[in-house]
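Student: Line by line, the protein sequences give chains U and C. Each residue of the first sequence is one higher than the one before, starting from 1 at the first, in my numbering. Each residue of the second sequence is one higher than the one before, starting from 1001 at the first, in my numbering. C-beta atoms are modelled at their ideal positions from N, C-alpha and C, and glycine is treated no differently. Since the structure is predicted, the reported quantities are computational estimates derived from the model, not experimental observations. Sharing a structure, written as structure tokens. Questions coming.
Protein chains: 2
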Amino acid sequence: MELQNLSSKINSINGKFIEQAQQRLDNLTKPQGSLGRLEEFAKKLIAITENPMPEIDKKAVFTFAGDHGVAEEGVSAFPKEVTRQMVFNFLNGGAGINVLARHAGTEVVVVDIGVDYEFKDTKNLISKKIVRGTKNMRKGPEMTKDEAIKCKNVRLELANEYAGRAYKIFGAGDMGIANTTPSSAIAAILTGKHVEAVTGRGTGITDTSWKNKVQVIKDAISINKPDHSDPIDVLSKLGGSEIGGIAGLVLGAAANRIPVVVDGFISTAGALIAYVIEPKTKDYMFAAHNSQEIGHKAMLEKIGLKPILDLNLRLGEGTGAALAIMIIEAGLKIYKEMATFEEAAVATKTSND
Amino acid sequence: MELQNLSSKINSINGKFIEQAQQRLDNLTKPQGSLGRLEEFAKKLIAITENPMPEIDKKAVFTFAGDHGVAEEGVSAFPKEVTRQMVFNFLNGGAGINVLARHAGTEVVVVDIGVDYEFKDTKNLISKKIVRGTKNMRKGPEMTKDEAIKCKNVRLELANEYAGRAYKIFGAGDMGIANTTPSSAIAAILTGKHVEAVTGRGTGITDTSWKNKVQVIKDAISINKPDHSDPIDVLSKLGGSEIGGIAGLVLGAAANRIPVVVDGFISTAGALIAYVIEPKTKDYMFAAHNSQEIGHKAMLEKIGLKPILDLNLRLGEGTGAALAIMIIEAGLKIYKEMATFEEAAVATKTSND
Chain U
1 MELQNLSSKI
11 NSINGKFIEQ
21 AQQRLDNLTK
31 PQGSLGRLEE
41 FAKKLIAITE
51 NPMPEIDKKA
61 VFTFAGDHGV
71 AEEGVSAFPK
81 EVTRQMVFNF
91 LNGGAGINVL
101 ARHAGTEVVV
111 VDIGVDYEFK
121 DTKNLISKKI
131 VRGTKNMRKG
141 PEMTKDEAIK
151 CKNVRLELAN
161 EYAGRAYKIF
171 GAGDMGIANT
181 TPSSAIAAIL
191 TGKHVEAVTG
201 RGTGITDTSW
211 KNKVQVIKDA
221 ISINKPDHSD
231 PIDVLSKLGG
241 SEIGGIAGLV
251 LGAAANRIPV
261 VVDGFISTAG
271 ALIAYVIEPK
281 TKDYMFAAHN
291 SQEIGHKAML
301 EKIGLKPILD
311 LNLRLGEGTG
321 AALAIMIIEA
331 GLKIYKEMAT
341 FEEAAVATKT
351 SND
Chain C
1001 MELQNLSSKI
1011 NSINGKFIEQ
1021 AQQRLDNLTK
1031 PQGSLGRLEE
1041 FAKKLIAITE
1051 NPMPEIDKKA
1061 VFTFAGDHGV
1071 AEEGVSAFPK
1081 EVTRQMVFNF
1091 LNGGAGINVL
1101 ARHAGTEVVV
1111 VDIGVDYEFK
1121 DTKNLISKKI
1131 VRGTKNMRKG
1141 PEMTKDEAIK
1151 CKNVRLELAN
1161 EYAGRAYKIF
1171 GAGDMGIANT
1181 TPSSAIAAIL
1191 TGKHVEAVTG
1201 RGTGITDTSW
1211 KNKVQVIKDA
1221 ISINKPDHSD
1231 PIDVLSKLGG
1241 SEIGGIAGLV
1251 LGAAANRIPV
1261 VVDGFISTAG
1271 ALIAYVIEPK
1281 TKDYMFAAHN
1291 SQEIGHKAML
1301 EKIGLKPILD
1311 LNLRLGEGTG
1321 AALAIMIIEA
1331 GLKIYKEMAT
1341 FEEAAVATKT
1351 SND
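Take a look at the structure:
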């Protein structure tokens, strides 16, 4: 789908639904506003779905896996083959995202968008491979412009497909050894911050490795000269396939009026690409948590999102999104299931206050 | 039970169990420490239970209801009869705590410890009434010393009973119109802060009402002269029956090696009383959330607890505790259900990092 056509399908949420939801919330047996952000989540869900009693019974966290050429620059504490090994771990149900998604009653959809490995017919793996790993961004673009657009479109298709199958909320997650490096590069370009201010320790690297990582990002920016006003240019030159996929998922969610819970640092880099393509996507996003990666905050501020959880997570995979979905769902249940003052015969505020 | 005997039954947690849990966590298929506070919660649960594979299948949030004589001073936005009306709402399943406890798979145990109303044989209400509302603390002690001790003992008995029935985690919640007033008074005395610095808006009062509330608390402190080194004196002079009950629940949980999730402002006032009676109780407490009530932070700092959630909640009832239990449970599931590097055949860190 052309970007112009897509953008025309994405509409801002309508304040009328927020007001209607607020009226109901204010009649429930609690002091007004006393359930804080739970009430905010309920209102946003109602405005997104334009349904006064929405269901979020079918939930899916999409974990997109891709490899990164830049892994050869020693920017990660883990070897590159861990990406495919973790894909098998996801499929076997043993990873963090599997445990937390089970806890949250959420399905995990594992998508191979750019792993440097041929999985053949692996059961339950959604194969949407665009590249067999990206190229090393220190030496040139990670992907061609065409590949970047394809990555974005993959998840757009997925969003449409899962919307058609009546899924009611999406989570966006990632797996890709070395992928905090392209995410930091994207953060630097799209927020305008210094590379040092948005580059963290990823899976846990040493001081020396961190300095190297910063230099790799600076070199990549210098050789590629990404255009900050052209998000597809930024994505193709610095971004990973999974980051492009997340951008597409967010765009597709917004076009289908489905709420999308953005996990942590890498997912937010993808969400930021989607936001720069079409700022109205913000209305459909929830920020799952405040990642320990230092560049995360700047990207969330750029989009204008406040994270739901702050638990020092830095795993990715969609783990924060799975937890946040439970909290968002709690907000919706408050809205739908609590008794009103009238139903419960409870007195409201005294007149002197 | 005498306080001396009780204290002898409460032991600090043993660091050996923390270390053993850490070893397992470090072998799971994730970068070390990358699940942040979820890992902290798992370790604490294992050390509390001294069980390498604990279950928290049976969960109960105790919502203690009591009335406050000080309500007649116009310190709340709601009339006093709302306390009993909300008890009926709890029993009918229509309140915020009912909704969130169902979401979290947690039972709600409603306890009448001091409501100014005779409930007779109301189904599912645990009747442990010590007082029919407390007295107005602006005019003298809320309770006699004997009543304060009884309140604490009620929940001690409840803790023992539910421990015996194999409940594995407790939440502590409250209901009592005007009860932010005694909680702020307790906070001021036990943290040493100024009354203004620990007095908030409760259910949502105006500026004028807030100034009156501050004056009421100052008058109550001035007339009662509570001894900050004697928590039972503080409880009897300033505290509510439900606050005493929460203190007892925390003490009883610690004596039974059961984790207890302390809800928000009022529950933390109770937990602080328990902590001053026996500081080792801290090892058994989880702070559910960061309440919007301004005095909450000072009390949590005094105990040394960091809240799990920060969602601008200020409802009480145990609502934050129910949500936090879901997050704590997520941490335990990570610890128990994730695959190790060996099980999943995933490579560990490369040697150069």
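(1) For E1242(C), tell me which candidate among K1058(C), K1128(C) and E1196(C) has the shortest Cα-Cα distance.
(2) What are the start and end residues of each continuous alpha helix (DSSP H) run of 4 or more residues lying completely inside the region 84–118 of chain U, in chain order?
(3) Buried or exposed for Q1023(C), going by 16 or more other Cβ atoms inside 10 Å?
(4) Among all the DSSP beta bridges, which residues are the ones paired with A1287(C)?
(5) Quick one: Cα of I1277(C) to Cα of R155(U), how far?
(6) State the beta-bridge partners of K59(U) as determined by DSSP.
(7) Under 8 Å: do the region 1071–1088 of chain C and the region 1173–1190 of chain C share three or more Cβ pairs, one atom per stretch?
(8) Of the residues that make up the region 318–335 of chain U, which ones have a beta carbon closer than 8 Å to any beta carbon in chain C?
(9) Of the residues K1336(C), N1153(C) and A1166(C), which one's Cα is nearest the Cα of N1005(C)?
(10) Touch check for the region 25–34 of chain U and the region 49–66 of chain U: three-plus C-beta pairs under 8 Å?
(11) For R1138(C), does the count of other Cβ atoms within 10 angstroms reach 16, so buried, or fall short, so exposed?
(12) Between N1160(C) and the rest of its own chain, which residues show a CB-CB distance below 7 Å, the 5 nearest in sequence each way excluded?
(13) Give, in chain order, every residue of the region 72–102 of chain U whose Cβ lies closer than 9 Å to some Cβ of chain C.
(14) Check for me: the alpha helix (DSSP H) holding S184(U) runs from which residue to which?
(15) What do you get for E1342(C), buried or exposed, if any count of 16 or more other CB atoms within 10 angstroms of its CB means buried?
(16) Against V346(U), what residues of chain C qualify as contacts under a CB-to-CB distance less than 7 Å, listed in chain order?
(17) What do you get for M86(U), buried or exposed, if any count of 16 or more other CB atoms within 10 angstroms of its CB means buried?
(18) Would the beta-carbon of M338(U) fall within 8 Å of that of T29(U)?
(19) If I'm right that G1295(C) touches S1184(C) with Cβ under 8 Å, what's the distance once you round it to whole angstroms?
(20) How big is the Cα-Cα spacing for R132(U) and K1297(C)?
(21) I10(U): beta carbon under 7 Å from a heavy atom of the ligand GDP?
(22) Which same chain residues, not among the five before or five after G1331(C), have their C-beta less than 7 Å away from its C-beta?
(23) Excluding sequence positions up to five away, which residues of its chain have a Cβ less than 8 Å from the Cβ of G1204(C)?
(24) Cα-Cα, which of K1135(C), I1223(C), I1303(C) and T1340(C) is closest to K1280(C)?
(25) I believe G96(U) touches L315(U) by the beta-carbon criterion, under 8 Å. Please report the beta-carbon distance rounded to the nearest angstrom.
(26) Enumerate in chain order the residues of its own chain whose CB-to-CB distance from N224(U) is below 8 Å, with the five nearest sequence positions on each side excluded.
(27) Of the residues that make up the region 1285–1306 of chain C, which ones have a beta carbon closer than 8 Å to any beta carbon in chain U?
(28) Does the beta-carbon distance from G270(U) to A247(U) come in below 8 Å?
(29) Is there a C-beta anywhere in chain C that falls below 8 Å from the one on I18(U)?
(30) Return the CA-CA distance between T268(U) and A163(U), expressed in angstroms with no decimal places.
(31) So the candidates are K1213(C), I1169(C) and L1311(C); which of them puts its Cα closest to the Cα of A1060(C)?
(32) To test your reading of the DSSP string, which unbroken alpha helix (DSSP H) runs of 4 or more residues are found completely within the region 140–165 of chain U?
(33) Measuring only between beta-carbons, confirm whether G204(U) sits less than 8 Å from chain C.
(34) If you draw a straight line from the alpha carbon of Q1020(C) to that of N1051(C), how long is it in whole angstroms?
(35) Taking only beta-carbon positions, decide if D1263(C) is within less than 8 Å of chain U.
(36) Less than 8 Å between the beta carbons of G245(U) and V115(U), yes or no?
Tutor: This is what the structure holds:
(1) Here residue 1242(C) refers to the residue found at position 242 when the second sequence is read from its first residue. The candidate whose alpha carbon is nearest that of E1242(C) is K1128(C).
(2) 96–104
(3) On the second sequence, residue 1023(C) is found 23 positions in, with the first residue counted as 1. The residue in question, Q1023(C), is exposed, as its Cβ has fewer than 16 Cβ neighbours within 10 Å.
(4) Numbered from 1 along the second sequence, position 287 holds the residue referred to as residue 1287(C). Paired residue(s): V1262(C).
(5) As a working mapping, residue 1277(C) is identified with position 277 in the second sequence. As a working mapping, residue 155(U) is identified with position 155 in the first sequence. Those two C-alpha atoms are separated by around 57 Å.
(6) On the first sequence, position 59 is the one that residue 59(U) refers to. Answer is I169(U).
(7) yes
(8) T319, L323, M326, I327, E329, A330, K333 and I334
(9) Within the second sequence, numbered from 1, the residue matching residue 1005(C) stands at position 5. That would be N1153(C), whose Cα lies nearest to the Cα of N1005(C).
(10) no
(11) Within the second sequence, numbered from 1, the residue matching residue 1138(C) stands at position 138. Burial call: buried.
(12) Along the second sequence, read from residue 1 onward, the residue named residue 1160(C) stands at position 160. Excluding residues within five positions, the ones whose Cβ falls inside 7 Å are G1252 and N1256.
(13) G74, S76, A77, F78, P79, E81, V82, Q85, M86, F88, N89, N92, G93, G94, A95, G96, N98, V99, L100 and R102
(14) The residue labelled residue 184(U) in the question sits at position 184 within the first sequence. Where S184(U) is concerned, the enclosing alpha helix (DSSP H) stretches over T180 to T191.
(15) Indexing the second sequence from 1 puts residue 1342(C) at position 342. Burial call: exposed.
(16) To locate residue 346(U), count along the first sequence from 1; it is residue 346. In chain order: V1082, Q1085, M1086 and N1089.
(17) Taking the first residue of the first sequence as 1, we reach residue 86(U) at position 86. Buried.
(18) By one-based count along the first sequence, residue 338(U) stands at place 338. By one-based count along the first sequence, residue 29(U) stands at place 29. Taking 8 Å as the Cβ cut-off, M338(U) and T29(U) qualify as a contacting pair.
(19) Looking up residue 1295(C) in the second sequence gives position 295. Looking up residue 1184(C) in the second sequence gives position 184. Contact flag correct, Cβ pair sits at about 5 Å.
(20) Counted from its first residue, the first sequence places residue 132(U) at position 132. Counted from its first residue, the second sequence places residue 1297(C) at position 297. Going from the Cα of R132(U) to the Cα of K1297(C) covers about 51 Å.
(21) Absence of the ligand GDP is noted for the structure shown, with no ligands found whatsoever.
(22) Numbered from its first residue, the second sequence carries residue 1331(C) at position 331. Contacts found: L1038, E1039, F1041 and A1042.
(23) Within the second sequence, residue 1204(C) is the residue found at index 204, counting from 1. Around G1204(C): A1077.
(24) In the second sequence, residue 1280(C) corresponds to position 280, counting from 1. It is I1303(C).
(25) For the purposes of this step, residue 96(U) is identified with residue 96 of the first sequence, where counting begins at 1. For the purposes of this step, residue 315(U) is identified with residue 315 of the first sequence, where counting begins at 1. Sure, about 5 Å apart at Cβ, within 8 Å.
(26) Numbered from 1 along the first sequence, position 224 holds the residue referred to as residue 224(U). Excluding sequence neighbours, N224(U) sits near M137, G140, P141, K237 and L238.
(27) Q1292
(28) Taking the first sequence and counting its residues from 1, one reaches residue 270(U) at position 270. Taking the first sequence and counting its residues from 1, one reaches residue 247(U) at position 247. In contact: G270(U) and A247(U) (Cβ atoms closer than 8 Å).
(29) Taking the first sequence and counting its residues from 1, one reaches residue 18(U) at position 18. So, not an interface residue.
(30) Here residue 268(U) refers to the residue found at position 268 of the first sequence. Here residue 163(U) refers to the residue found at position 163 of the first sequence. Taking the straight line joining both Cα atoms gives about 21 Å.
(31) Along the second sequence, read from residue 1 onward, the residue named residue 1060(C) stands at position 60. It is I1169(C).
(32) 145–164
(33) The sequence position of residue 204(U) within the first sequence is 204, counting from 1. It does; some Cβ of chain C falls within 8 Å.
(34) For the purposes of this step, residue 1020(C) is identified with residue 20 of the second sequence, where counting begins at 1. For the purposes of this step, residue 1051(C) is identified with residue 51 of the second sequence, where counting begins at 1. Whole-angstrom Cα-Cα distance: 11 Å.
(35) Position 263 of the second sequence, counting from 1, holds the residue named residue 1263(C). No, its Cβ sits nowhere closer than 8 Å to a Cβ of chain U.
(36) Taking the first sequence and counting its residues from 1, one reaches residue 245(U) at position 245. Taking the first sequence and counting its residues from 1, one reaches residue 115(U) at position 115. Contact: no.
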